[in-house]
Amino acid sequence: MIVAVPKESSAGERRVALTPDAAKRLAAKGITVRIERGAGEAASHADEQYREAGCEVVEDRAQLLAADIVLTVGAPAEDDPLKEGSVLVGLFQPLTDHATVRSLARRNVTSFSLDLLPRITRAQSMDVLSSMSTVAGYKAVLLAATSLGKFFPMLVTAAGTIAPAKTLVLGAGVAGLQAIATARRLGAVVEAFDVRPAVKEQVESLGAKFLETASEDLSAEGEGGYAKAMSEEQHKRELELLHKHVRDADIVITTALIPGKPAPVLITAEMVRDMRPGSVIVDLAAEMGGNCALTEKDREVVKHGVVIIGKTNLAATMPVHASQMYARNVSTFLALLIDDGTVKLDFEDEIIQGSCITHEGKIVHDRVRQAVKAGSA
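The opening position of the sequence shown corresponds to residue 1069 in my numbering, with each subsequent residue numbered one higher.
The following block contains the structure:
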């Protein structure tokens, strides 16, 4: 059994799919672990650390990828010589990255995308999305603090009392909750909004005020606890509710995403115009179009005096802990795929079934197959 970890090919990606600690645990089970030379350097893991963990450090990428299982963070390059019939595990965003899905099916690779893991108790220890959202929520607040020309906490100084910064977090999933907690640690006054009333208790437990809607019609909780798309009328009322709170905030952090669909616009251009000059918006939904109408993907822009940060893949900016968390999630998932030193795929297992996107040359995940078909129409 050979498990391989290539160097990530995407620009700006600094994470590595397996850390030396995680690799050591696999090697202790008799699994041969091969890692591409320099694959862990951007995450502060030298080749020598992998050798000490029992790994083989390989320079030839083609030799490396002739493995039974390949672990990546992002999608492999189109020309990567993946072995036919091999297993690939990573984060491929298959509901939107249709080219990668078609390529993996064409190359007869059995691929698993961990962003499709079912939201069940058994899968919590493998929940890569939650791990990476934790990093993103934390880093979003630090970016905001760096760009804001104010202190976060209230300060009593010889020059008088300085009021704390007002922070509004839109979306109280994992990223939003981490943003709330981080902003509170820095001393900000925090408000949060989510279309799922069930998260109120979690928001308040972190010391933030939960913005409640006047109508149950604004509640929009979908399958697996994710937010779902609202009707046009519901969305209009949502924007009316948010306008005043966005206007009064020094910082707005947006995290609202609907799986496989463009991000809902929660901050209109009109709202941005009404914000105080020097205010900051950090849009964690920039990858999917953004929650702010004026967000520009992977850019920091100033509109109407407001700084709007649309940086994507924030997890890659904290590669040490992001890689550590990712590697633990992936290692746990591997335990489902490896039995007595061989790959055994139990498609009766809802975790394996729910995260597999291609197998035996076909797209086997229903939602992904429908998305790819619709995208080709």
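Glycine is no exception: its CB is placed at the ideal position from the N, C-alpha and C atoms.
Asked                                                                                                                     : Found
Given L1245 as reference, the closest of V1267, I1230, A1226 and V1257 once Cα atoms are compared                         : V1267
Residues near L1223 by beta carbon distance below 6 Å, same chain, minus five either side                                 : I1230
Supposed close pair L1156, T1140 - CB separation, criterion 8 Å                                                           : 7 Å
Terminal residues of the alpha helix (DSSP H) in which S1273 lies                                                         : K1268 to S1273
C-alpha distance - F1415 paired with V1177, whole-angstrom precision                                                      : 16 Å
Local Cβ density within 10 Å of V1259, reported as buried at 16 or more and exposed below that                            : It is worth fixing the name first, because residue 1259 is Glu in this sequence and not Val. E1259 comes out buried.
For F1261, the residue or residues it bridges with in DSSP                                                                : L1238
Distance between E1364 and G1378 (C-alpha atoms, nearest Å)                                                               : 6 Å
Exposure label - T1225; buried when at least 16 CB within 10 Å                                                            : exposed
Cβ-based neighbour list, A1354, same chain, cut-off 6 Å, excluding 5 preceding and 5 following                            : T1363, K1365, G1378 and T1380
CA nearest to the CA of I1431, picked from Y1118, G1346, L1172 and E1308                                                  : L1172
Local conformation of S1423 per DSSP, three classes                                                                       : helix
Cut-off 8 Å between Cβ atoms - residues of its own chain near D1448, not counting five sequence neighbours on either side : This structure gives no information on residue 1448, because the portion of the chain shown stretches from 1069 to 1445.
DSSP state of E1364 mapped onto helix, strand, coil                                                                       : coil
Nearest-angstrom Cβ-Cβ length linking N1397 and D1089, presumed shorter than 8 Å                                          : Contact flag wrong, Cβ pair sits at about 13 Å.
Nearest to K1441 (by Cα), restricted to the options L1086, T1164 and Y1118                                                : T1164
Sequence-distant residues of the same chain with beta carbon closer than 7 Å to G1422, five excluded per side             : L1184, L1185 and P1186
P1162 classed as buried or exposed, judged by whether at least 16 other C-beta atoms fall within 10 angstroms             : buried
Same chain only: Cβ atoms within 8 Å of I1425, ignoring 5 sequence neighbours per side                                    : F1160, P1162, V1169, L1172, S1179, F1180, S1181, L1184, I1431, V1432, H1433 and V1436
Spatial distance of V1126 from A1317 (CA atoms)                                                                           : 51 Å
Sequence-distant residues of its chain with Cβ nearer than 6 Å to S1112 (five each side left out)                         : V1388
Residues sharing a beta bridge with V1073, DSSP                                                                           : I1103
Beta-carbon proximity of A1361 to V1340, cut-off 9 Å                                                                      : yes
Candidates Q1117, V1350 and R1252: closest to I1368 by CA position                                                        : Checking the sequence shown, residue 1368 turns out to be Glu, not Ile. If we check each option's Cα against that of E1368, V1350 comes out closest.
Residues bridged to K1277 (per DSSP)                                                                                      : E1259
Those runs of the alpha helix (DSSP H) which lie wholly inside the segment 1148-1232 and span at least 4 residues         : 1166-1174 and 1196-1215
Where I1326 sits in the DSSP three-state scheme                                                                           : coil
G1228 classed as buried or exposed, judged by whether at least 16 other C-beta atoms fall within 10 angstroms             : exposed
First and last residue of the uninterrupted alpha helix (DSSP H) at E1338                                                 : A1337 to D1342
Inter-residue CB distance, F1219 and A1240 (contact presumed, cutoff 8 Å)                                                 : Not a contact, Cβ separation roughly 25 Å.
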